[in-house]
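Presented below is the structure to which this report refers.
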Amino acid sequence: METVTHTHTHPNYHPPNKKSGSFDILYPLRRLVDKIQIRNARLAHLLCQLIPCCCPFERDIKLFGRTFHIPPLCKLNPLYDEFVALRFRALSYLADECGEDITKYIC
2 METVTHTHTH PNYHPPNKKS GSFDILYPLR RLVDKIQIRN ARLAHLLCQL
52 IPCCCPFERD IKLFGRTFHI PPLCKLNPLY DEFVALRFRA LSYLADECGE
102 DITKYIC
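Just so we're aligned: 103 in my numbering is position 102 of the sequence shown, and the numbers increase by one with no gaps anywhere.
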């Protein structure tokens with residue numbers, strides 16, 4: 002397999018704002034969520050049902066002829082990236098290991 006190197010930047014990639022040597026009080030909790038391994042279909046289905054595929058708070062509200070946009074507030078969750086990764090691992094397990102159709106969990 003060849004190694005792929007990108008020569009362009011991805012417009013939606015935002016590197017984490019971590020400074021080397023900074024203290025992260027949530028680090029143990031982040032690692033705990035990252036270490037969860039999906040080994041059975043019941044757990045995978047439960048995680049896919051509990052963790053939404055898109056932020057349920059993002060909305061456009063029309064009021065007095067004007068449209069107000071409420072941004073996705075899920076990004077305020079300090080463990081958002083870990084939960085999204087956990088949901089992805091659950092979806093991958095169901096599709097790859099169990100051979101199930103996961104379209105019902107995709108937005």
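Heads up, the beta-carbon is just placed ideally off N, CA and C, and yes, glycines get one too.
None of the values given here were measured: they were computed from a predicted structure.
Do residue j and residue i come within 8 Å of each other at the CB atom, strictly closer than that value?
i: CYS108; j: CYS55; result: yes
i: GLU83; j: ARG31; result: yes
i: PRO73; j: PHE58; result: yes
In chain order, what residues of the same chain lie with their CB nearer than 8 Å to the CB of residue i, ignoring the 5 residues before and after it?
i: GLY66; result: none
i: MET2; result: Its pLDDT being 49, under 50, MET2 is placed unreliably by the model, and nothing is read from it.
So, is residue i buried or exposed, given that buried needs 16 or more other C-beta atoms within 10 angstroms?
i: TYR106; result: buried
i: LEU95; result: buried
i: LEU87; result: buried
Could you give the DSSP three-state label for residue i: helix, strand or coil?
i: PHE89; result: helix
i: ARG67; result: strand
With a threshold of 6 Å on Cβ separation, who are the neighbours of residue i within its own chain once the five nearest residues in sequence on each side are excluded?
i: CYS75; result: CYS56 and TYR81
i: ASP61; result: THR68 and HIS70
Note to self: Taking contact to mean 3 or more Cβ pairs, one atom from each stretch, closer than 8 Å, check whether the segment 76-92 and the segment 45-62 are in contact.
What the structure shows: yes
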